[in-house]
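Undergrad: Numbering (the working numbering), first residue to last: 19 to 876.
No residue lacks a Cβ here, since even glycine has one placed at the ideal position from N, Cα and C.
Computed from a predicted structure; not experimentally measured.
One structure, pasted below without further comment.
Following this line, the structure appears as structure tokens:
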């Protein structure tokens, strides 16, 4: 390697030493530390500077003077050189702040002894500096960079000429002319150099921020890790820019030291200080947005009084931060923050941003505290449920910076933040008319850093948007209220209409193809499965996303020549419904998805394992199920369905009867008994041998059960042995051993009940009149049977319809009552349905000849 920076601990120790020095210098009070008196403070500062100078010499000596050929080592050199140079300038400008050359502002003899080795270190750094290069990803032929590079070269050339003139200057007229030339240099060449630098950095910085923001949004949609490569171009850009400014600032400060403290050319004012200040101002402007907030990272829903981690960090290595201030702002306030940040860039002047109102209160939870009875331990540590009395809620919280030794930058990280309330303000009230959309919030991070100019400056950024839910909504069984929060985040990140750091809400709708992709991706990520939906799964939903209530303001109308578009209102409109007996439920497509996800997320259901094994279909039409099963005997088919909300449906085709659709299995049923147990019991009760997988391949049930470590139904259950002194009439000292036979809850399909007098059939004409699918042509009378029907029985064939033209209750009026009773008893005893009897009649099982011969047999 070209650069030997030593072990990470040495780099970390140098940065921490510099941080401690600046904290003492600026009187930053730390918890548990006493405030130093002025005299004691000077002693501590002097001692720390001496330690710093020793470490500084070692690190400068490790810098190689050979120019590396590869870009990786070049970036490492730029990073180390810029860190050392700007840290030297931080100390130098605080020892010699100046502007006025009066007795009070001039450094003391003791300070001069410190400034001398600092200046020597600066000279060594300048001598070891490489020529500047365009940032990675930008060619040397870029017009904006070429213009800056031209002015930069002219500036360094003129500055070198000023150095050469120092030996020939004498006190008098020559000095006044020299000062005038310096002022002209600052107003022309240096100003043009700085302005072109700002123009180039603003242009390229905006482009790189767009790419970094896109990577953050992508992480929110697919829950993948934020790859370092996504933000490394932004880090490399800032490193390159501060290296370029560092060369200019180091040369100007060296010239200032030589002309003021060595040669004492100037009497009243220091004309070079204003030139150095121009470079420092450009640096502060460059760093005004050089901080990244990485939270929220995967979940965009915060729950009040629940702990969440907070992470934000610098994009520039070597910049030392005093603290990170975090506050929650509303969507409108976030837009104001971005306007102020852009105004700084456009005015090309780093200033202090105004204070912004908070939209929610935050608190820092100590690592140790009172645990509540309803608290649960989180992966990040600590408990999740808290009361406001546990902590001190504030408009904003401050996080002490920590050094990240892996990536070598300062960050603000804390694992135990919590949002204690969501304030009611005009922003939230104005949103009350928007159905389903929840208010959006951002973290506004203000990172205060120690400026090399000698003071304090700040950098600002905004996090990704998120919503804030209350705990009462979190505790709902099916999370009815949470559906609007998840839908808001899904739609916001799915449409992905970015405007700088903001993501704007869009009502324009998205294409059907885009919706299918996002819907499948959301399912795959939140169900924690690798297998998502395929296009055929959406055939059932294509016409379920609009109704008369949501199509008036919807973009979902489409024809053969117009692409279907889905809006947020289409997704949340409760136009899906089901009725069963006295129950009538309406729900949205999104609500159905949430209920499905709950089934997948619960380990007790075992649905996830069977889905991953491709044993569960997606959304299927009843006709598709019938077509697939009628080709296979002794087979079951499982599929996802919204028929009663999110559920799993099982259909079977057995040799003893036609296709039967079993009662849908919702979350409550699957929590009590897993889907694998249902499969085992259904296979035993109906003698089903195979499961039809998504590839239309028959998989033996025994193979499925064994692969998931489920015993077959023929297993022998071990009884339970109990010793007790209760089950006999003797003394309590006598124990009796008893073996009990084991019990288990089994699932069996319910057989058809004996037919009652009011049992009737709906013919094909009635089905067409009621707009019921043709494959569900036979139903129980709604008034008589209600929800007792467990299977839809398809009916085809003219002979069957002819036999059914006379209802059974009409038949009973002209026939023997004993015959009807006996027929019902026989059908119930043999487990036969009306269809089975009709098939026997159509097949000639009771032909006149056979019947006559059997009747006359002696």
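1. To test your reading of the DSSP string, which unbroken alpha helix (DSSP H) runs of 4 or more residues are found completely within the stretch 672-736?
2. Suppose the cutoff is 6 Å on Cβ atoms and the five residues either side in sequence are ignored; what does the same chain contact list for residue 259 look like?
3. Which runs of the alpha helix (DSSP H) fall wholly inside the stretch 467-543 and span at least 4 residues, in chain order?
4. Since residue 219 is in the alpha helix (DSSP H), which residue starts that stretch and which ends it?
5. How would you label residue 641, buried or exposed, when you count the other beta carbons within 10 angstroms and need 16 or more for buried?
6. Apply the 10 Å Cβ neighbour rule to residue 679 and answer buried if 16 or more other Cβ atoms are within range, or exposed otherwise.
7. Distance, Cα to Cα, residue 225 vs residue 512?
8. Just checking my contact of residue 341 with residue 418 at CB under 8 Å: how many whole Å lie between their CB atoms?
9. Express the C-alpha separation of residue 563 and residue 158 in angstroms, rounding to a whole number.
10. Tell me the residue span of the beta strand (DSSP E) that contains residue 344.
11. Hey, could you find the ends of the alpha helix (DSSP H) residue 739 is sitting in?
12. By a C-beta neighbour count over all protein chains shown, 10 Å radius and 16 as the cutoff for buried, is residue 653 buried or exposed?
13. Would you report the Cα separation of residue 819 and residue 643, rounded to the nearest angstrom?
14. Are the CB atoms of residue 335 and residue 97 within a distance shorter than 8 Å?
15. Based on DSSP bridge pairs, tell me the residues matched to residue 632.
16. Between 707, 649 and 621, which lies nearest to residue 714 when the distance is taken from Cα to Cα?
17. Taking only the alpha-carbon atoms, compute the straight-line gap between residue 182 and residue 432 and give it to the nearest angstrom.
18. Whole angstroms is fine: what's the gap from residue 338's alpha carbon to residue 172's?
19. Which stretch, first to last residue, makes up the alpha helix (DSSP H) that contains residue 98?
20. Is it right to say residue 324 is buried, meaning 16 or more other beta carbons lie within 10 angstroms of its own, or is it exposed?
21. I'd like to check one pair, residue 689 with residue 624: are the Cβ atoms closer than 8 Å?
22. Does the separation of the CB atoms of residue 203 and residue 239 fall below 8 Å?
23. In the DSSP output, what is residue 172 paired with across the bridge?
24. Within 10 Å of its beta-carbon, does residue 741 have 16 or more other beta-carbons around it, so buried, or fewer, so exposed?
25. If you follow the beta strand (DSSP E) that residue 754 is in, where does it begin and where does it stop?
26. Spatial neighbours of residue 168 within its chain, please: C-beta separation below 6 Å, excluding the five flanking residues on both sides.
27. In angstroms with no decimal places, state the Cα-to-Cα distance between residue 681 and residue 544.
28. Just verifying my parser: in three-state terms, what is the DSSP assignment at residue 433?
29. Let me confirm a value: residue 582 is counted as buried when at least 16 other C-beta atoms fall within 10 Å, else exposed. Which label applies?
30. Report, in whole angstroms, the separation of the C-beta atoms of residue 333 and residue 263, which I expect to be a contact under 8 Å.
31. The beta strand (DSSP E) that contains residue 381, what's its start and end?
32. Report yes or no: do the stretch 455-473 and the stretch 67-81 share at least 3 C-beta pairs separated by less than 8 Å?
33. Could you give the C-beta distance for residue 281 and residue 294, rounded to a whole number, given that I count them as a contact under 8 Å?
34. So for residue 352, helix, strand or coil by DSSP?
35. DSSP on residue 167, reduced to helix/strand/coil?
36. Locate the alpha helix (DSSP H) running through residue 41, then write down its first and last residues.
TA: Taking the definition as stated:
1. Those alpha helix (DSSP H) runs which fall completely within the stretch 672-736 and span 4+ residues are 685-690, 693-704 and 719-725.
2. Sequence index remark: in the chain shown, residue 259 carries index 241 (1-based). Within the same chain, Cβ atoms closer than 6 Å to the Cβ of residue 259 are found at 219 and 304, the five residues on either side in sequence being excluded.
3. Counting only runs of 4 or more, we get 489-492 and 500-513.
4. For the purposes of this step, residue 219 is identified with residue 201 of the chain shown, where counting begins at 1. First-last of the alpha helix (DSSP H) with residue 219: 209-240.
5. Residue 641 sits at position 623 when you count from the first residue of the chain shown. The residue in question, residue 641, is exposed, as its Cβ has fewer than 16 Cβ neighbours within 10 Å.
6. Reading the chain shown from its first residue, position 661 is the one you call residue 679. Its Cβ being crowded by 16 or more others within 10 Å, residue 679 is buried.
7. Within the chain shown, numbered from 1, the residue matching residue 225 stands at position 207. Within the chain shown, numbered from 1, the residue matching residue 512 stands at position 494. Roughly 22 Å between the two C-alpha positions.
8. Numbered from 1 along the chain shown, position 323 holds the residue referred to as residue 341. Numbered from 1 along the chain shown, position 400 holds the residue referred to as residue 418. For residue 341 against residue 418, the beta-carbon gap comes to about 6 Å, under 8 Å, which counts as contact.
9. Position 140 of the chain shown, counted from the first residue, corresponds to residue 158. Position 545 of the chain shown, counted from the first residue, corresponds to residue 563. Each residue's Cα considered, the two are about 53 Å apart.
10. In the chain shown, the residue the question calls residue 344 occupies position 326. In the DSSP assignment, residue 344 falls within the unbroken beta strand (DSSP E) covering 339-348.
11. Position 721 of the chain shown, counting from 1, holds the residue named residue 739. Secondary structure note for residue 739: it is in no alpha helix (DSSP H), and the uninterrupted beta strand (DSSP E) holding it is 738-742.
12. Here residue 653 refers to the residue found at position 635 when the chain shown is read from its first residue. Answer is buried; the Cβ neighbour count reaches 16.
13. Working through the chain shown from its first residue, we reach residue 819 at position 801. Working through the chain shown from its first residue, we reach residue 643 at position 625. Residue placement at residue 819 cannot be trusted, given a pLDDT of 40 that sits under 50; the coordinates are not used to answer.
14. Position 79 of the chain shown holds residue 97. Position 317 of the chain shown holds residue 335. Going by C-beta atoms, residue 97 is nearer than 8 Å to residue 335.
15. The count along the chain shown starts at 1 and reaches residue 632 at position 614. DSSP, once it has assigned bridges, lists no residue as partnering residue 632.
16. The residue given as residue 714 occupies position 696 in the chain shown. If you compare the alpha carbons of 707, 649 and 621 with that of residue 714, the shortest gap goes to 649.
17. Position 164 of the chain shown, counted from the start, is the residue given in the question as residue 182. Position 414 of the chain shown, counted from the start, is the residue given in the question as residue 432. Looking at the two C-alpha atoms, the distance is approximately 53 Å.
18. As a working note, residue 338 is residue 320 in the chain shown. As a working note, residue 172 is residue 154 in the chain shown. Pairing residue 338 with residue 172, the inter-Cα distance amounts to about 31 Å.
19. Translated into the one-based positions of the chain shown, residue 98 becomes position 80. Residues 89-113.
20. Counting from 1 along the chain shown, the entry for residue 324 is found at position 306. Looking at its Cβ environment, which holds 16 or more other Cβ atoms inside 10 Å, residue 324 is buried.
21. Your numbering for residue 624 matches position 606 in the chain shown. Your numbering for residue 689 matches position 671 in the chain shown. Not closer than 8 Å, so no.
22. Counting from 1 along the chain shown, the entry for residue 203 is found at position 185. Counting from 1 along the chain shown, the entry for residue 239 is found at position 221. Here residue 203 is not near residue 239, since their CB atoms are 8 Å or more apart.
23. Here the question's residue 172 lines up with position 154 in the chain shown. DSSP, once it has assigned bridges, lists no residue as partnering residue 172.
24. Taking the chain shown and counting its residues from 1, the one referred to as residue 741 is at position 723. Burial call: exposed.
25. In the chain shown, counting from the first residue as 1, residue 754 sits at position 736. Counting along the chain, the unbroken beta strand (DSSP E) around residue 754 starts and ends at 754-758.
26. The residue labelled residue 168 in the question sits at position 150 within the chain shown. Hits under 6 Å: none found.
27. Position 663 of the chain shown holds residue 681. Position 526 of the chain shown holds residue 544. Between the alpha carbons of residue 681 and residue 544 lies a gap of roughly 26 Å.
28. Taking the chain shown and counting its residues from 1, one reaches residue 433 at position 415. DSSP, read as helix, strand or coil, puts residue 433 in strand.
29. Walking along the chain shown from the start, residue 582 turns up at place 564. Using a 10 angstroms sphere on the CB of residue 582, the tally of other CB atoms reaches 16 or more, which defines it as buried.
30. For the purposes of this step, residue 333 is identified with residue 315 of the chain shown, where counting begins at 1. For the purposes of this step, residue 263 is identified with residue 245 of the chain shown, where counting begins at 1. Taking a contact as a CB-CB distance under 8 Å, the pair residue 333 and residue 263 does not count as one, their CB atoms being some 15 Å apart.
31. Your numbering for residue 381 matches position 363 in the chain shown. It spans 378-382 - the beta strand (DSSP E) in which residue 381 sits, taken as one unbroken run.
32. Judged by Cβ distances under 8 Å, the stretch 455-473 makes no contact with the stretch 67-81, as fewer than three pairs qualify.
33. Numbered from 1 along the chain shown, position 263 holds the residue referred to as residue 281. Numbered from 1 along the chain shown, position 276 holds the residue referred to as residue 294. About 17 Å separates the two Cβ atoms, so there is no contact after all.
34. Counting from 1 along the chain shown, the entry for residue 352 is found at position 334. Residue state, collapsed to three classes: helix.
35. Locating residue 167 in the chain shown gives position 149, where the first residue counts as 1. Looking at residue 167 - three-state DSSP - the assignment turns out to be helix.
36. Walking along the chain shown from the start, residue 41 turns up at place 23. Its alpha helix (DSSP H) spans residues 26-43.
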